[in-house]
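To keep things clear, I will list the structure first and then write my remarks on it.
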Amino acid sequence: MHLSLALIKILFTLFALFAWSRAVIRFYTKDLNLKELLFWSVLWLLMIILVFIPGKTNFLAKILGMERGNDAMFFLGIVALFYASYRLYVKANEQEKEITKLVRALALKNVIRKKSKIKVQKSKLKFKI
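With the numbering used here, the residue at position 111 of the sequence shown is 1490, and numbering never jumps.
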């Protein structure tokens, strides 16, 4: 039992370090700013600490009215995932509206150009006849 528990701690720690390394790489490629890097660094460090000191989550569970710390962590994790899903939905919706505006503007710009070219061509034809 202790071996499997230790294995899950090691695997989670490796995963957390991998995820943190992705955040650091994105910071150096200018995809994340310093505040975002600090947020992800604190989050992954906190997760590693909570994996190795699981009793600390019991305090949080009592505040939330739950019996076990694991229950509180799962509950907070699900709430965080729903919130992240909502934020992604809002962002995607905003981007879709922005793309629609850009496509409409480009379409109108192209129509105006084509109309002006047609007028010029018609006038040239009139002169040739």
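Glycine included, each C-beta is placed from N, C-alpha and C at the ideal position.
- For ILE1404 and PHE1397, the gap between their C-alpha atoms comes out near 11 angstroms.
- Just so you know, the alpha carbons of LEU1443 and GLU1415 end up roughly 27 angstroms apart.
- Following the DSSP letters along the chain, one finds THR1436 inside the alpha helix (DSSP H) bounded by residues 1435-1443.
- In the DSSP annotation of this structure, the continuous segment of the alpha helix (DSSP H) that includes ILE1427 starts and ends at 1413-1431.
- Pairing ALA1440 with GLY1448 gives a Cβ-Cβ distance under 8 angstroms.
- Straight-line spacing of the CA atoms in LEU1467 and LEU1424 works out to 24 angstroms.
- In the three-state reduction of the DSSP assignment, THR1408 falls in the coil class.
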